[in-house]
Each structure stands twice: as C-alpha cells, then as structure tokens.
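Using the working numbering, you'd call the opening residue of the sequence shown number 9 and step up by one each time.
Okay, structure first, notes after.
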Amino acid sequence: MNTQNSFHFDDVIAQFRDAIEFVNRRIINRTEVIDQIFCALLTREHALIQSRTGAAKSLLAQQIFAMFEGARTFQVQASKEQQPDTYFGGLDIEELKQGRIIHNTKNSLVESEFGFIDEIFDANDYTLRALLTTLNERALILGVQVVPSRLHSVIAATNYLRVSEVTEAILDRFVFKSLFIPSKTAYVQYKIARRYLEHGGKHIQPARKIAYATLERVTRIVTGEDAELTIRVPLQMIFLANSVVRHFESQRNRLLKERPHDHPQLKDFYISPRTYAKSIDMLRASAFLHGRDEVTADDVAKLWYMHTTVGLHDQRELFQKSHDTILHQLGAARAFEQIQRMLEFQDFLDELHESPELLETPITGIEGSGIRRTLKDWAKETLGIADASVEHNRRLLEGYVRSFEPLTEEIQELRLRQEKDIHELFHPAVHIWA
Ligand SMILES: Nc1ncnc2c1ncn2[C@@H]1O[C@H](COP(=O)(O)OP(=O)(O)OP(=O)(O)O)[C@@H](O)[C@H]1O
Ligand SMILES: [Mg+2]
Numbered sequence: 009m010n011t012q013n014s015f016h017f018d019d020v021i022a023q024f025r026d027a028i029e030f031v032n033r034r035i036i037n038r039t040e041v042i043d044q045i046f047c048a049l050l051t052r053e054h055a056l057i058q059s060r061t062g063a064a065k066s067l068l069a070q071q072i073f074a075m076f077e078g079a080r081t082f083q084v085q086a087s088k089e090q091q092p093d094t095y096f097g098g099l100d101i102e103e104l105k106q107g108r109i110i111h112n113t114k115n116s117l118v119e120s121e122f123g124f125i126d127e128i129f130d131a132n133d134y135t136l137r138a139l140l141t142t143l144n145e146r147a148l149i150l151g152v153q154v155v156p157s158r159l160h161s162v163i164a165a166t167n168y169l170r171v172s173e174v175t176e177a178i179l180d181r182f183v184f185k186s187l188f189i190p191s192k193t194a195y196v197q198y199k200i201a202r203r204y205l206e207h208g209g210k211h212i213q214p215a216r217k218i219a220y221a222t223l224e225r226v227t228r229i230v231t232g233e234d235a236e237l238t239i240r241v242p243l244q245m246i247f248l249a250n251s252v253v254r255h256f257e258s259q260r261n262r263l264l265k266e267r268p269h270d271h272p273q274l275k276d277f278y279i280s281p282r283t284y285a286k287s288i289d290m291l292r293a294s295a296f297l298h299g300r301d302e303v304t305a306d307d308v309a310k311l312w313y314m315h316t317t318v319g320l321h322d323q324r325e326l327f328q329k330s331h332d333t334i335l336h337q338l339g340a341a342r343a344f345e346q347i348q349r350m351l352e353f354q355d356f357l358d359e360l361h362e363s364p365e366l367l368e369t370p371i372t373g374i375e376g377s378g379i380r381r382t383l384k385d386w387a388k389e390t391l392g393i394a395d396a397s398v399e400h401n402r403r404l405l406e407g408y409v410r411s412f413e414p415l416t417e418e419i420q421e422l423r424l425r426q427e428k429d430i431h432e433l434f435h436p437a438v439h440i441w442a
C-alpha cells in the first residue's frame, strides 16, 4: 500500500493488529467482541455490550481504551438519581445567576474522545435522552446550550435491557451490539484465573500505544473523509452487501413470524437506512484490517459484526447463510460483470438527471468514463448508428437498458428502476413550486 505524509499504511495496520492481539491476551474468549469494538472505533461508532455480572465488560472497555494515548476517557457508572450534569459537567453558577442553565463541560463526556458508561440502562430517561443527542450529533444540545463534542466512541455496558421508548432509540444508536454468555469450561476458567494471578482484576499497559491521532486518521480513511488515502469500494460490492443484508433482514423476519415466542418483545427486525449506509464504513474497516485498499466479498462476509448481536451464534449463522446464498446466486453466470456494467450505467443516468442539458446533444459524443464507450460500441453494433443524433438519445438509452438480460431477481429489479429513471429523464416531473 502507499505511503504518504508519514502515514505508513502497513505499520499502522500492524499497530492495530498488535493491539487486538494484546487485548485478546488479557481477556480470554472474547475474540469476536474485541474485533467488533475495534471496528466500532475505526468507524467512529458506539458499542453496547451486555452480559451477566462479572464477565469482564468493564475490564474489556478499560483494556481497549488503554491501547491508545493522547485521548481522554470519560468513565461513569450510571444510576437513577443522576442528572445530566454527571455527563455534561456541573452548572455554571455565574450563568445561573443570570438565569441561564449552562453546563461547564470541562472534563465531561463532551470533552472526551472516549467514554465508558457502565450500567447505562440504570440512567433515568431524562438523562438518557440528553445522552442520546450527544451520541447522535456529537454535541451537547441541552436547553440553550450547544457545544460541539470531540467524542469519538462510547462503549456502554449493561446487565439487562430495559424497554422504553428512549431505550429503544439508544439501542438503535449503538450500531455495534454484543451479548456474551460466560464460558464455564475448565480450560477457559483456568486461563481467566491465570490472568487474575498475574494482573489481579486490572487492565494492563501495553509497551506501545496507538496515538489517538493515528486512530483519527484511519477513521477518516475508513469513513471516506480523507483527502489523500481511500479504500476503494467497487460498485458491485455495495450491491452485494445490500443484497445480503436485505436477504438477512427478511430471513430474520420470517423466523420471527414463525417463532414469535423466541423474542416476545421484538415485533419485527428492522435495519434502519442509517445502518445500511454505515455498512460501507464497516466494509472499509474490514478491508483495512485485512491490509487491503479495496473492498472484496470477504469484507461483505464480515458485516455480521454490524447487523447481528455478536455472541448470538444462530444470528451469525443466519447471516452467513444469507451471504452464501446471495454470493452463489450472483457468482453464477457472470452476474457480477452484469451488475458492474449496470451500475456504471446508473451513474451515467444520475449524471444525466443532474445535467439534463446533456440530452440536447448526442450522448455518445460526451467524453469521459467507460460507460460512454460501451454505449457507443453498443449503438454502433446494435442500432447501426455511429453518432446518435439528439432524437436517438432516448432510443439509445432504452435500447441499452433492455439489452441487459437480468441474471437474478435482484438485477431484474435494478433494470426496472433504470427503465423508470430513463422514462423520467424524458418526462421530467413538473416541480410543484415551479
Ligand atoms: N474473559 C475473561 N478474561 C479475563 N478475565 C476475566 C474474564 N471474565 C472475567 N474475568 C475476571 O473477572 C473480573 C470481573 O470483570 P468485570 O468487573 O470487568 O465484569 P463486569 O462484566 O463488568 O461485571 P459487572 O456486570 O458486575 O459490572 C475481571 O476483573 C477479571 O479478573
Ligand atoms: Mg462492570
């Protein structure tokens, strides 16, 4: 991989892999959730861990944050009586005299990069709601006070799930969730005791820490915000990922309908559009940890970290099944090649929607990316026109989209959308305020 601006990709990847290994040595039998939380950090998301008492939730959060330097960690044990000032700082007395409620945010969650909130559902709903805004918007927004927050990721722990409107919103905000059931095997118990002899119940300091600035940079790369370094996401991988996640969502809902008593509190299984969109960051995080600068189908297989509750193995298996089913469907008979061509065509259609004046000239004449050449060749071969005149544009686009013979149902759906898109290009809806 490339080396730019003293950012050594391979060295940085090695730092993260070493850190993951280090945490795994201290905390036994938690490989999956450790991987998951690192993905949360790389994508600037929050993670929620649930387990019964004494299963190393606190230790895990502390050990992971101890792997970084140059970042503040805000730590709190939630309780019912607490007011928002526990999280956002005490009230400023001078402001209060003027009748304004302003929190002094110094050393609060707002001014920390990391947060560990223990027993999060013990907090009252009023405080949770304020907290939700900070997790969502990365700002303190309370009454008249608005302060941007430097918050990167929060790890929250809980022994139980409390169901109310606000806890549901909180659950949705934690894109990464896990539930672990402590192993009772002699081997695991021996190893835990062995670590206890060595370190007591405490987390340990690694010889080398990752600079927070490094994490921040990698996060920018993973979330596609870096000006220089990118991890390429081929269009067909986005299509594959969405298809797999959609298949998984429908399979879970089918199971819920068949066995409603398994999850009495769950009406349906819903993946929000936000989480769908976040999948792309997860794909890039996975590619990064694999040392690649391009997303592949292997990364799509890793999306279970985001779309299942890690620790629930039947969910993971179901996700894997969805992945295998879709990959098999698409992998057959050159479907990927077809998707690639159709998605390039989609980009072209989107461009035409944005600049309809392009339709006034022969579109095969537009210089630029591959799709135009393909379109031109196709026009020459099939319609026998070398330079389509203006009137030919519609025939050209319609003919081209019909030339795709969809190899799967998903592709069939995509083609229908594109036909509709083309229709709209030539019959633009009159804007209501126009
Ligand atoms: N998987 C494990 N690996 C290493 N140590 C463990 C493991 N599970 C438990 N321990 C030991 O148990 C202790 C208790 O863990 P910790 O306090 O982090 O649990 P917790 O899940 O936060 O509990 P609570 O729900 O009561 O807050 C740890 O300090 C550690 O010594
Ligand atoms: Mg604890």
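All residues carry an ideal CB built from backbone N, CA and C; glycine is no exception.
Provide the residue span of the beta strand (DSSP E) that contains residue i, from first to last.
i, result
"Pro436", "Element bounds for Pro436: n/a, residue is neither H nor E."
"Asp126", "122-126"
"Val166", "It should be pointed out that residue 166 corresponds to Thr in this sequence rather than to Val. That run of the beta strand (DSSP E) goes 161-166."
"Ser59", "55-59"
Quick check on DSSP: helix, strand or coil for residue i?
i, result
"Arg216", "coil"
"Gln85", "strand"
"Lys185", "strand"
"Ser280", "coil"
"Leu311", "coil"
"Phe353", "helix"
"Phe296", "helix"
"Leu99", "strand"
"Glu413", "coil"
"Glu345", "helix"
"Glu389", "helix"
"Ser363", "coil"
"Thr227", "helix"
"Ile109", "coil"
"Gly339", "helix"
"Lys384", "helix"
"Thr141", "helix"
"His211", "coil"
"Ser287", "helix"
"Gln426", "helix"
Determine the extent of the alpha helix (DSSP H) in which residue i is found, giving its start and end residues.
i, result
"Ser116", "Ser116 -> no alpha helix (DSSP H), and no H or E assigned at all."
"Val20", "17-34"
"Ser251", "243-266"
"Ile45", "39-50"
"Gly407", "400-410"
"Phe73", "65-73"
"Glu206", "194-207"
Strictly by DSSP, which residues pair up with residue i?
i, result
"Pro156", "Ala147"
"Leu169", "Answer is none; Leu169 lacks a bridge partner."
"Val318", "Ser186"
"Glu421", "None; Glu421 has no bridge partner."
"Glu302", "Arg240"
"Phe327", "Paired residues: none, contrary to the question."
"Glu77", "Ala219"
Given residue i, which residues of its chain have a CB within under 8 Å of its CB, disregarding the five upstream and five downstream residues?
i, result
"Ser120", "Ala79, Arg80, Thr81, Phe82, Arg158, Leu159"
"Ile430", "Leu357, Arg402, Leu405, Glu406, Val409"
"Asn167", "Gln58, Ser59, Arg60, Thr61, Glu127"
Tell me which residues share the same chain as residue i and place their Cβ nearer than 7 Å to its Cβ, disregarding the 5 neighbours each side in the sequence.
i, result
"Glu427", "Val409"
"Ser280", "Asp180"
"Val253", "Ile279, Tyr284, Ser287, Leu311, His315"
Are the CB atoms of residue i and residue j nearer to each other than 8 Å?
i, j, result
"Ala27", "Ile218", "yes"
"Ile5", "Ala343", "Shown here, the chain extends from 9 to 442; a query on residue 5 therefore has no answer."
"Gly319", "Phe188", "yes"
"Thr333", "Arg324", "no"
"Asp126", "Val171", "no"
"Asn112", "Gly123", "no"
"Glu277", "Arg260", "Per the sequence shown, the amino acid found at residue 277 is Phe instead of Glu. Going by C-beta atoms, Phe277 is nearer than 8 Å to Arg260."
"Val31", "Ile42", "yes"
"Gln58", "Ser186", "yes"
"Phe412", "Gln346", "yes"
"Met245", "Thr51", "no"
"Gly209", "Leu68", "no"
Using C-beta distances below 6 Å, list every residue in its chain close to residue i, excluding the 5 sequence neighbours before and after it, in chain order.
i, result
"Arg292", "Val230, Ile239"
"Ser294", "Asp307, Lys310"
"Ile149", "Thr141"
"Glu103", "Ile110"
"Ala454", "Limits of the chain in this structure are 9 at one end and 442 at the other, which puts residue 454 out of reach."
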